[in-house]
Structure formats: structure tokens, C-alpha cells
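Written out as C-alpha cells, the structure is:
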């Protein structure tokens, strides 16, 4: 079973087009290459590496090492080109998403990112903050669907802040619309009106935008337990009224076999904590999905364990941990690299169509957890705490 995700989840390649074919034979020189010799039977892939900020470079180093080791037995060779995004890009170029970085990502077979942002850039104007780089990258890749799994691992049940009987058996997939809604809507800004400053954003969705994310939700649900919960705020927001109407129509016309329910976002936030096992697949808009997926992630005990994928109709997918850059522990070898490692697995399985290599990584992670290895965020009282590098070495050994 794919880690933190049922094997029956819709393949991401279904939503991101055929990005699995190698384009590396004609690829231009890249800044970082593997030193392996490509045999006739080898498969070569271009990977855009976004090292990120804070703990990002530390966990990325582990992720790349695991990718190399897992690929060896499958005859996989990887070419890497670094694409600064976020705070790193601001320090280097003055903008959070340089044009060259976007070009690198668009030309890759898949994009592997760590985490971006940090206190260092908090005082910059809104349009120059690191997070704008991530939003721009998602838009530039046309990655409109974000898939966020949240499943309870038996080794880590006691790491959850909720009771065992509440979280045991939880397996949720949050399908979040990623390139529309209030984060991208216009107009937005801060302006002076009659001597008073006003801040404003616009939450807007078109019917086609809702249709395409609804289909991703229904397809994902169909390959899990045939249950989809659409989350909105249609009792207050006009945009949510359209959302509910369109999702209902798509369900009735195209997916009559999928059980569709609707829930207000405030109630959903409560129910995820109160009775998370009632949910299987959730589909929702950008800002609601941003919040609910983090809430669902914490059911597992630590946000440091969960990967994610952002995909579109065509082109490379973006694979990244769901956690932040944790600048307070950067450079201290305290970071949890498991989510980065499992983002590598998701990339192999769903972005590059290499399930055997993905299986090797997931089995290695389970073996390391079975052996009792823990980072500080998932360790229980009395358990030995290991650092980022040590966890990485154990996973490499298990591979």
C-alpha cells in the first residue's frame, strides 16, 4: 500500500498528463548531474530541485540521497537542476519566483520542493514575500489540484494528540483547488479610502474551475470508498453557492455511483477533530483546503510525516512536504525528513510512473519506524530522539 495513501487512490498521472516519458536525451546541460553512467536500459529523468528555506536544504539533501539509492536497482538516473524559489530566490535575485526558475520547473519531468518562507522576509511587501513564489509556481505549472493524504500509521498512533479510539483507522484524502479562489482573485490590495486604510481580497471561482477540481475529487473518491464530501460556505458566500451547484451537477451527471455529501467549512473543521473517520475524500476550494488539510494532517501526530502532490492537466507535478520551513530549528539537525522522503516516493509513483522504486522507499520508511527511530516531533516519552541526518542514514541502510 502506498504510504499514507490507499492503493486505490486515483493515479496522479491521470490529472497531470503524460509527464513520465524521459526528455533527458535532448536536455540541455544542467547545473547538477548524477555521476552514473546511463546504460541502454536506464531511464533518465530531469528533476527540478527547489531547496527552499529554513530546514529545506537539510531535508532536501536527505530526499535526494534516498531518491538516488532507490533508483539504482530500477536503472533510474536523475539529472538535477536547482530552481531557487521563495526566500532563497529573494536573497539571490530580489524576487520570490525568478523567470529562470519557472522555466527550469516547466521543462522538468517532475519538481521536488522542500519548504519555503521564514521570519526573515516577513517585513517585505506582500507581493515580494516567499509565499508568492510558491503561488506563482503553482500557477505557472498549471497545477490546479493539490492532493493531501492524512492516514494514521500504526507505529505513530500514540503521537497523535487525540485519543487512540478517535484516530485509529483514519485515512483521509483532501483534494484542494490550488490556483483559484481568494489567493488569486482580483481585485486585491490595501488602499486609502477617506483617510482610512482598507485591505481587501476577492474570492472568485468560474464554473470551469469548479468543474475540473470536482472531477478530480470524484475520480479520487471512486478509486477509494466512493464517498466524496464537498466543503463550502454556501450559507454565506455567493461563490460557495455556485460551488455547491456545480459539484452537485457534476456528481449527478457524471458520477452517480459516488455518494456525495456537502458540509459547511466551519462544521467540517469541527468534525475532523470530533469524528475524523466519517471522512474519506474531501474536495474544497483553495483557502478552505489550506486550513482543513493542515488540521487533518495533525491527526497523524505530526505534520512532519506527510507528503503532498500538486498536479494539473498536463506538465510536471510539484511534490513537497506539507510542513513549513521551521526556521527556528534550521541548521540544528533537528528536522524531520520523513515527509520529504515520502514526497520523493509520491514523485516516483505518481509523477514518474516508477512504483517499484516508490515501494522501496515506503518499505524502508516503515522498517525504520518499526525499529523505533524517531525525530523530536514524533517521539514519545522515553524514546530516543534522532536527528535529520541519522534518520536519513537509517532509511538509506534500509534501502
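Residue numbers (our numbering): -9 to 389. Think of the CB as a built atom: it goes at the ideal place given N, C-alpha and C, for glycine as much as any other residue.
Residues that residue i bridges to, as DSSP identifies them
{"i": "residue 135", "result": "167, 301"}
{"i": "residue 35", "result": "68"}
{"i": "residue 271", "result": "163, 218"}
{"i": "residue 252", "result": "220"}
{"i": "residue 103", "result": "40"}
{"i": "residue 237", "result": "Paired residue(s): none; residue 237 is not in a bridge."}
{"i": "residue 309", "result": "102, 299"}
{"i": "residue 182", "result": "187"}
{"i": "residue 140", "result": "162"}
Close Cβ partners of residue i (< 8 Å) along its chain, the five nearest in sequence each way excluded
{"i": "residue 364", "result": "370, 373, 374, 375, 376"}
{"i": "residue 159", "result": "142, 267"}
Euclidean distance between Cα positions of residue i and residue j
{"i": "residue 120", "j": "residue 112", "result": "9 Å"}
{"i": "residue 183", "j": "residue 189", "result": "10 Å"}
{"i": "residue 324", "j": "residue 85", "result": "29 Å"}
{"i": "residue 110", "j": "residue 336", "result": "30 Å"}
{"i": "residue 65", "j": "residue 344", "result": "11 Å"}
{"i": "residue 281", "j": "residue 322", "result": "28 Å"}
{"i": "residue 146", "j": "residue 154", "result": "10 Å"}
{"i": "residue 206", "j": "residue 47", "result": "32 Å"}
{"i": "residue 276", "j": "residue 202", "result": "14 Å"}
{"i": "residue 14", "j": "residue 69", "result": "With a pLDDT of 35 at residue 14, under the threshold of 50, the modelled position of this residue cannot be trusted, and the question is left open."}
{"i": "residue 213", "j": "residue 139", "result": "14 Å"}
{"i": "residue 340", "j": "residue 318", "result": "32 Å"}
{"i": "residue 285", "j": "residue 383", "result": "30 Å"}
{"i": "residue 403", "j": "residue 39", "result": "Residue 403 cannot be examined here, being either before or after the span of the chain that is shown, -9 to 389."}
{"i": "residue 272", "j": "residue 366", "result": "30 Å"}
{"i": "residue 215", "j": "residue 246", "result": "14 Å"}
Exposed unless 16 or more other CB atoms sit within 10 angstroms - verdict on residue i
{"i": "residue 100", "result": "buried"}
{"i": "residue 326", "result": "buried"}
{"i": "residue 306", "result": "buried"}
{"i": "residue 36", "result": "buried"}
{"i": "residue 265", "result": "exposed"}
{"i": "residue 274", "result": "buried"}
{"i": "residue 311", "result": "buried"}
{"i": "residue 50", "result": "buried"}
{"i": "residue 243", "result": "exposed"}
{"i": "residue 43", "result": "buried"}
{"i": "residue 302", "result": "buried"}
Cβ neighbours of residue i in the same chain (closer than 6 Å, five flanking residues each side left out)
{"i": "residue 222", "result": "230, 233, 234"}
{"i": "residue 262", "result": "285, 286"}
Contact test: residue i Cβ vs the ligand MG heavy atom, cutoff 7 Å
{"i": "residue 37", "result": "Absence of the ligand MG from the depicted structure is noted, as is the absence of any ligand whatsoever, leaving it without description."}
Close-in-space but distant-in-sequence residues of the same chain around residue i (CB under 7 Å, 5 per side omitted)
{"i": "residue 355", "result": "-7, 328, 331, 332, 385"}
{"i": "residue 45", "result": "105, 315, 316, 319, 320, 325"}
Short CB-CB distance (under 8 Å) between residue i and chain D
{"i": "residue 221", "result": "Included in the structure is just one protein chain, with no chain D present."}
Subject >> the region 173 to 183 touching the region 154 to 163, judged by at least three CB pairs closer than 8 Å >> reply: no
Original post:
Does the region 70 to 87 come within contact of the region 115 to 134, defined as at least 3 CB pairs closer than 8 Å?
Top reply: yes
Original post:
Do three or more CB pairs link the region 45 to 62 to the region 82 to 96 at distances below 8 Å?
Top reply: Counting Cβ pairs under 8 Å, fewer than three are found: no touch.
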